[in-house]
Amino acid sequence: MARETILVIEDEEDIGELVRYNLAAEGYQVFVADSGEDGLKLARSKKPSLIILDLMLPGIDGLEVCKSLRKDTATDGIAIVMLTAKGEETDIVIGLELGADDYIVKPFSPKVLIARIKAVLRRKSRVITDEKAVIKAHDLAITPGRREVLLKGKKIDLTFTEFSVLHLLARRPGWVFTRNQILEAARGHDALATDRAVDVQIVGLRKKLKSAGNYIETVRGVGYRFKE
Ligand code: CA
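In this note's numbering, the protein residues as written are 175 to 402.
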């Protein structure tokens, strides 16, 4: 099997080196860029599977890099894991909405870093692209065509919006969705208009899902995800 390539975009030399060392020890081929400009160049030339992207960079910052990567068809399929500092929830939310796949808050342990990267690469390879595919997760079976949800074989009645929200989350287990992304997905179905409305839908959804309600996890300050 070919070694997977990971690009690290981080201006702090010691963190870049720590990440490079640990990834190389796991068998990944690693490139490090110390600016957004170099990072974008390397992303295009090396075509990595994943980019670890520090948000606080001199020059083009991480969010700009993320936006550029997603806009370019040569790089829009690369997984992006943001590196953020504590208290940067707003940037995390913006980054996720720009198309980043996940984030890690500094300081992090190398073990956690490796585990998260493996999880993102794994998830990336098994995203359900077929809108109509039946999703089986834990003891739930979700059939989009019929907008039907079964819990241990028993039907659960959901509203159109509740179904849309559940379908969005369950299609990508482990993936964090911001409230805005959830709003977007449910838009047009009915009057979901505010962050608060999303929270209310989630409360209702959890209640109806009974024992499966805790598969929908709250990610503090960021949004929601379906348990992996
Ligand atoms: Ca930095």
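Glycine residues also receive a C-beta, built at the ideal position from the N, C-alpha and C atoms.
Practice item. Drop a sphere of 10 angstroms on the beta-carbon of D275, count the other beta-carbons inside from all chains shown, and report buried for 16 or more, exposed for fewer. Key: If you number the sequence shown from 1, residue 275 lands on position 101. D275 comes out buried.
Check your understanding: Quick check: the region 209 to 218 against the region 188 to 196, are there 3 or more CB pairs under 8 Å?
Key -> no
**Study point:** Top-ranked residue by Cα proximity to E263, from R399, K401, F400, G395
**Key:** Here residue 263 refers to the residue found at position 89 when the sequence shown is read from its first residue. Closest by alpha carbon: G395.
Point to revise | Buried or exposed by the 16-neighbour rule on C-beta atoms within 10 Å, applied to E465 | key: Outside the modelled stretch of the chain, which goes from 175 to 402, sits residue 465, for which no answer is possible.
Exercise for review: Please name the residue in L383, I234, T368, A217 whose C-alpha comes closest to that of T247.
Suggested key: As a first step, residue 247 must be located in the sequence shown, where it is residue number 73. Closest by alpha carbon: A217.
Point to revise | Alpha-carbon to alpha-carbon, F400 and R297 | key: As a working note, residue 297 is residue 123 in the sequence shown. As a working note, residue 400 is residue 226 in the sequence shown. Distance between the alpha carbons of R297 and F400 is about 12 Å.
Point to revise | Residue range of the unbroken alpha helix (DSSP H) whose run includes A371 | key: Reading the sequence shown from its first residue, position 197 is the one you call residue 371. Taken as a continuous stretch (DSSP letters only), the alpha helix (DSSP H) holding A371 covers 369 to 382.
Check your understanding: Quick one: what does DSSP say K285 is sitting in, helix, strand or coil?
Key -> Position 111 of the sequence shown holds residue 285. K285: helix per DSSP, three-state reduction.
Check your understanding: Is the distance from the Cβ of A344 to the Cβ of V294 below 9 Å?
Key -> If you number the sequence shown from 1, residue 344 lands on position 170. If you number the sequence shown from 1, residue 294 lands on position 120. Their beta carbons are not under 9 Å apart, which means A344 does not touch V294 by this criterion.
Check your understanding: P222: buried (16+ other C-beta within 10 angstroms of its C-beta) or exposed?
Key -> Numbered from 1 along the sequence shown, position 48 holds the residue referred to as residue 222. Buried, because 16 or more other Cβ atoms sit within 10 Å of the Cβ of P222.
**Study point:** M230 beta carbon near ligand 1 (any heavy atom closer than 8 Å)
**Key:** Position 56 of the sequence shown holds residue 230. Yes, Cβ of M230 sits closer than 8 Å to a heavy atom of ligand 1.
Check your understanding: Taking the alpha carbon of V374 as the point to measure from, which residue in E322, G397, P232 has its own alpha carbon closest?
Key -> Numbered from 1 along the sequence shown, position 200 holds the residue referred to as residue 374. Answer by Cα proximity: G397.
Exercise for review: Name the two residues that bound the continuous alpha helix (DSSP H) containing A199.
Suggested key: By 1-based counting over the sequence shown, the position of residue 199 is 25. Taken as a continuous stretch (DSSP letters only), the alpha helix (DSSP H) holding A199 covers 187 to 199.
Exercise for review: Can you check the region 309 to 358 for any beta strand (DSSP E) of at least 3 residues that lies completely inside it and give the ranges in chain order?
Suggested key: 309 to 311, 314 to 317, 322 to 325, 328 to 330, 350 to 352
Check your understanding: Measuring CB to CB, does T258 end up less than 9 Å from K280?
Key -> Reading the sequence shown from its first residue, position 84 is the one you call residue 258. Reading the sequence shown from its first residue, position 106 is the one you call residue 280. Against a cut-off of 9 Å, the Cβ pair of K280 and T258 comes out as a contact.
Check your understanding: If G319 sits next to K306, beta carbons under 8 Å apart, how far is it from one beta carbon to the other, in whole angstroms?
Key -> In the sequence shown, counting from the first residue as 1, residue 319 sits at position 145. In the sequence shown, counting from the first residue as 1, residue 306 sits at position 132. At roughly 5 Å, the Cβ-Cβ gap stays under 8 Å, so G319 and K306 are in contact.
**Study point:** Cβ neighbour criterion (16 or more within 10 Å) applied to F334
**Key:** Indexing the sequence shown from 1 puts residue 334 at position 160. That one is exposed.
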